[in-house]
Amino acid sequence: MTIENRTKVTVETIVNAPVEKVWQYWIGPEHITKWNSASDDWHTPHAENDVRIGGKFLARMEAKDGSMGFDFGGVYDDVKENELIVYSLGDGRQVEVKFAGSGNETHVTEIFDAETENPVELQKSGWQAILNNFKKYTEEN
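Numbering of the sequence shown is given in the UniProt record's numbering, commencing with residue 1 and proceeding in unit increments.
Now the structure itself:
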(Lines of atoms letter the chains of each structure in order from A and count residues from 1; the text may use other names and numbers.)
(Lines give C-alpha, C1' and ligand atoms only; values in the text may rest on other atoms or scores of the structure.)
Protein backbone atom coordinates (compact mmCIF):
# COMPACT_ATOMS: atom_id res chain seq x y z
CA MET A 1 0.00 0.00 0.00
CA THR A 2 1.38 3.41 -0.89
CA ILE A 3 1.74 5.89 1.89
CA GLU A 4 2.41 8.93 -0.30
CA ASN A 5 0.13 11.95 -0.06
CA ARG A 6 -1.29 10.85 3.27
CA THR A 7 -3.05 13.50 5.29
CA LYS A 8 -1.22 14.16 8.55
CA VAL A 9 -3.45 14.91 11.53
CA THR A 10 -2.27 16.49 14.79
CA VAL A 11 -3.88 16.28 18.22
CA GLU A 12 -2.34 17.62 21.41
CA THR A 13 -2.84 18.40 25.05
CA ILE A 14 -0.97 19.63 28.10
CA VAL A 15 -0.95 17.18 30.98
CA ASN A 16 -0.43 18.62 34.46
CA ALA A 17 2.18 16.05 35.48
CA PRO A 18 5.94 15.61 35.06
CA VAL A 19 7.10 13.94 31.84
CA GLU A 20 8.35 10.83 33.68
CA LYS A 21 4.85 10.09 35.01
CA VAL A 22 3.23 10.92 31.66
CA TRP A 23 5.61 8.52 29.90
CA GLN A 24 4.88 5.67 32.33
CA TYR A 25 1.12 6.16 32.07
CA TRP A 26 1.38 6.25 28.27
CA ILE A 27 3.39 3.02 27.91
CA GLY A 28 2.20 0.89 30.86
CA PRO A 29 -0.40 -1.74 29.81
CA GLU A 30 -1.99 -1.47 33.27
CA HIS A 31 -2.61 2.22 32.52
CA ILE A 32 -3.49 1.89 28.82
CA THR A 33 -6.50 -0.26 29.73
CA LYS A 34 -7.78 2.58 31.93
CA TRP A 35 -7.61 5.50 29.46
CA ASN A 36 -7.59 4.13 25.91
CA SER A 37 -11.13 4.86 24.70
CA ALA A 38 -12.79 7.65 22.77
CA SER A 39 -16.14 7.43 24.61
CA ASP A 40 -17.68 5.92 27.74
CA ASP A 41 -19.32 3.10 25.78
CA TRP A 42 -15.93 1.72 24.66
CA HIS A 43 -13.04 0.27 26.62
CA THR A 44 -9.69 -1.49 26.24
CA PRO A 45 -9.92 -4.79 28.11
CA HIS A 46 -6.40 -5.91 27.13
CA ALA A 47 -3.10 -4.21 26.22
CA GLU A 48 0.43 -5.43 25.50
CA ASN A 49 3.44 -3.16 25.03
CA ASP A 50 7.09 -3.87 24.21
CA VAL A 51 8.48 -0.33 24.07
CA ARG A 52 11.69 -0.61 22.07
CA ILE A 53 12.67 -0.21 18.43
CA GLY A 54 11.23 -3.26 16.68
CA GLY A 55 8.97 -3.99 19.66
CA LYS A 56 5.25 -4.51 19.14
CA PHE A 57 2.16 -3.22 20.90
CA LEU A 58 -1.46 -4.29 20.87
CA ALA A 59 -4.58 -2.80 22.43
CA ARG A 60 -7.90 -4.60 22.14
CA MET A 61 -10.61 -1.95 21.81
CA GLU A 62 -14.24 -3.04 22.24
CA ALA A 63 -17.70 -1.60 22.63
CA LYS A 64 -18.82 -2.31 26.20
CA ASP A 65 -22.03 -3.91 24.91
CA GLY A 66 -19.95 -6.44 22.95
CA SER A 67 -21.37 -5.34 19.59
CA MET A 68 -17.98 -4.65 17.98
CA GLY A 69 -14.28 -4.44 18.60
CA PHE A 70 -10.90 -4.34 16.93
CA ASP A 71 -7.20 -4.75 17.63
CA PHE A 72 -5.07 -1.61 17.44
CA GLY A 73 -1.43 -2.51 17.10
CA GLY A 74 1.85 -1.86 15.42
CA VAL A 75 5.63 -1.88 15.59
CA TYR A 76 7.91 0.75 17.13
CA ASP A 77 10.22 2.51 14.67
CA ASP A 78 11.83 4.90 17.16
CA VAL A 79 11.74 5.29 20.94
CA LYS A 80 13.44 7.99 23.02
CA GLU A 81 12.41 7.66 26.66
CA ASN A 82 10.37 10.62 27.95
CA GLU A 83 10.64 12.31 24.52
CA LEU A 84 9.43 10.43 21.47
CA ILE A 85 7.61 7.36 20.20
CA VAL A 86 7.25 6.61 16.48
CA TYR A 87 5.35 3.56 15.31
CA SER A 88 3.93 2.01 12.17
CA LEU A 89 0.48 0.47 11.99
CA GLY A 90 -0.25 -2.73 10.07
CA ASP A 91 -1.53 -0.79 7.05
CA GLY A 92 1.68 1.24 6.77
CA ARG A 93 0.42 4.42 8.39
CA GLN A 94 2.80 6.09 10.81
CA VAL A 95 2.21 7.79 14.15
CA GLU A 96 4.59 10.10 16.02
CA VAL A 97 4.06 10.97 19.69
CA LYS A 98 6.15 13.75 21.22
CA PHE A 99 6.51 14.43 24.95
CA ALA A 100 7.86 17.85 25.97
CA GLY A 101 8.20 18.15 29.73
CA SER A 102 8.63 21.37 31.65
CA GLY A 103 8.40 21.03 35.42
CA ASN A 104 4.93 19.78 36.32
CA GLU A 105 3.57 20.08 32.77
CA THR A 106 4.00 17.85 29.76
CA HIS A 107 2.94 18.81 26.26
CA VAL A 108 1.87 15.67 24.37
CA THR A 109 1.57 15.91 20.60
CA GLU A 110 0.38 13.07 18.35
CA ILE A 111 0.78 13.29 14.59
CA PHE A 112 -0.80 10.46 12.63
CA ASP A 113 -1.42 9.51 9.03
CA ALA A 114 -5.16 9.58 8.40
CA GLU A 115 -6.81 6.46 7.02
CA THR A 116 -9.09 6.68 4.01
CA GLU A 117 -12.27 5.01 5.32
CA ASN A 118 -13.49 7.75 7.67
CA PRO A 119 -13.57 11.55 7.37
CA VAL A 120 -10.42 13.24 8.68
CA GLU A 121 -12.41 15.35 11.18
CA LEU A 122 -13.99 12.21 12.64
CA GLN A 123 -10.56 10.62 13.04
CA LYS A 124 -9.16 13.78 14.61
CA SER A 125 -12.03 14.02 17.10
CA GLY A 126 -11.66 10.35 18.06
CA TRP A 127 -7.91 10.57 18.62
CA GLN A 128 -8.37 13.84 20.53
CA ALA A 129 -11.02 12.23 22.75
CA ILE A 130 -8.62 9.39 23.62
CA LEU A 131 -5.86 11.92 24.35
CA ASN A 132 -8.26 13.87 26.57
CA ASN A 133 -9.05 10.65 28.46
CA PHE A 134 -5.33 10.08 28.88
CA LYS A 135 -4.88 13.60 30.31
CA LYS A 136 -7.77 13.14 32.74
CA TYR A 137 -6.62 9.69 33.89
CA THR A 138 -3.00 10.79 34.35
CA GLU A 139 -3.89 13.93 36.29
CA GLU A 140 -6.33 12.10 38.58
CA ASN A 141 -4.13 9.10 39.46
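By construction, the Cβ of each residue, glycine as well, lies at the ideal position given by its N, Cα and C atoms. The structure displayed is predicted, hence computed values, not measured ones.
Burial state of residue i, where buried means 16 or more other Cβ atoms lie within 10 Å
i	result
Leu-122	exposed
Gly-74	buried
Lys-136	exposed
Reference residue i; option with closest CA among the options
i	options	result
Tyr-87	Phe-72, Gly-101, Ala-100	Phe-72
Asn-132	Ile-14, Gly-90, Thr-10	Ile-14
Ala-59	Asn-104, Tyr-137, Asn-36, Ala-129	Asn-36
Asp-77	Asp-50, Thr-109, Pro-18, Gln-128	Asp-50
Val-22	Val-120, Glu-48, Ser-102	Ser-102
Gly-69	Pro-29, Leu-84, His-46, Ile-111	His-46
Gly-90	Glu-115, Phe-134, Thr-109, Glu-30	Glu-115
Phe-17	Ala-129, Glu-117, Val-108, Leu-84	With the sequence shown as reference, residue 17 is identified as Ala, and Phe is not the correct amino acid for it. Residue Val-108 is the option with its Cα nearest to Ala-17.
Glu-96	Glu-105, Asp-113, Asn-104, Ser-67	Asp-113
residue 160	Asn-118, Thr-106, Asp-65, Glu-48	The shown model of the chain, from 1 to 141, leaves out residue 160, and the question about it has no answer.
Leu-84	Pro-119, Thr-106, Gln-128	Thr-106
residue 199	Asp-41, Glu-48, Glu-12	Residue 199 falls outside the range modelled here, since the chain spans only 1 to 141, and no answer is possible.
Presumed contact (8 Å Cβ cut-off) between residue i and residue j, rounded CB distance
i	j	result
Phe-99	Asn-82	6 Å
Glu-62	His-31	Going by Cβ atoms, the distance from Glu-62 to His-31 rounds to 18 Å, so no, they are not a contact pair.
Ile-111	Thr-7	At roughly 11 Å, the Cβ-Cβ gap does not stay under 8 Å, so Ile-111 and Thr-7 are not in contact.
Val-19	Ile-53	That belief does not hold up - the Cβ atoms of Val-19 and Ile-53 are roughly 20 Å apart, past 8 Å.
| field | Entirely enclosed beta strand (DSSP E) segments - the region 67-104, minimum 3 residues | value | 69-80, 84-89, 94-102
| query | Which full runs of the beta strand (DSSP E) of 3+ residues lie inside the region 40-64, going along the chain? | reply | 42-49, 56-63
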